[in-house]
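Enquirer: The structure follows.
In our numbering, the protein residues as written are 6 to 124.
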């Protein structure tokens, strides 16, 4: 049944996951059309997150502010603009009791969908 619908709609509409190499949890999953087989890569990725990877990766934006409510940002020099004091997630606010970093991630700058440096 899926093969028939796949033939009508196109192979890109019905995909299955496969394990691939990458540093972050979203990098470690690839997608192929149903019926194609891909096998997990055995290659070790430098700076990869250690197992077990997070089961859920939240995509909701968070905000970090200093004691005066100024947004904490990261400069091109990888320095924080202010001392982190509060962590805002949705409607909730939490105190920052300790922190370390930032650790810059500048992966895949050569790709069309490159979104810039993250930390």
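Even for Gly, the Cβ is constructed at its ideal location relative to N, Cα and C. The structure presented is a predicted model; accordingly, all values stated were derived computationally and were not measured.
Can you check which of these residues, 83, 69, 75, is closest to residue 95 by C-alpha distance?
Expert: Residue mapping note: residue 95 aligns to position 90 of the chain shown, counting from 1. Comparing Cα-Cα distances from residue 95 to each of 83, 69, 75, the minimum goes to 69.
Enquirer: How far does the alpha helix (DSSP H) with residue 69 in it reach, from first residue to last?
Expert: Start at 1 with the first residue of the chain shown, and residue 69 comes out as number 64. Taken as a continuous stretch (DSSP letters only), residue 69 belongs to no alpha helix (DSSP H), being part of the beta strand (DSSP E) at 67-70.
Enquirer: Pick out whichever of 53, 87, 110, 66 has its Cα sitting closest to the Cα of residue 26.
Expert: By one-based count along the chain shown, residue 26 stands at place 21. Measuring from the Cα of residue 26, the nearest candidate turns out to be 53.
Enquirer: Do residue 39 and residue 23 have their C-beta atoms closer together than 8 Å?
Expert: As a working mapping, residue 39 is identified with position 34 in the chain shown. As a working mapping, residue 23 is identified with position 18 in the chain shown. Inclusion of residue 39 and residue 23 in the CB contact set at 8 Å is not warranted, their separation being larger than that value.
Enquirer: Looking at residue 71: is its Cβ nearer than 8 Å to the Cβ of residue 87?
Expert: Working through the chain shown from its first residue, we reach residue 71 at position 66. Working through the chain shown from its first residue, we reach residue 87 at position 82. Yes, the pair counts as a contact, with Cβ atoms nearer than the cut-off.
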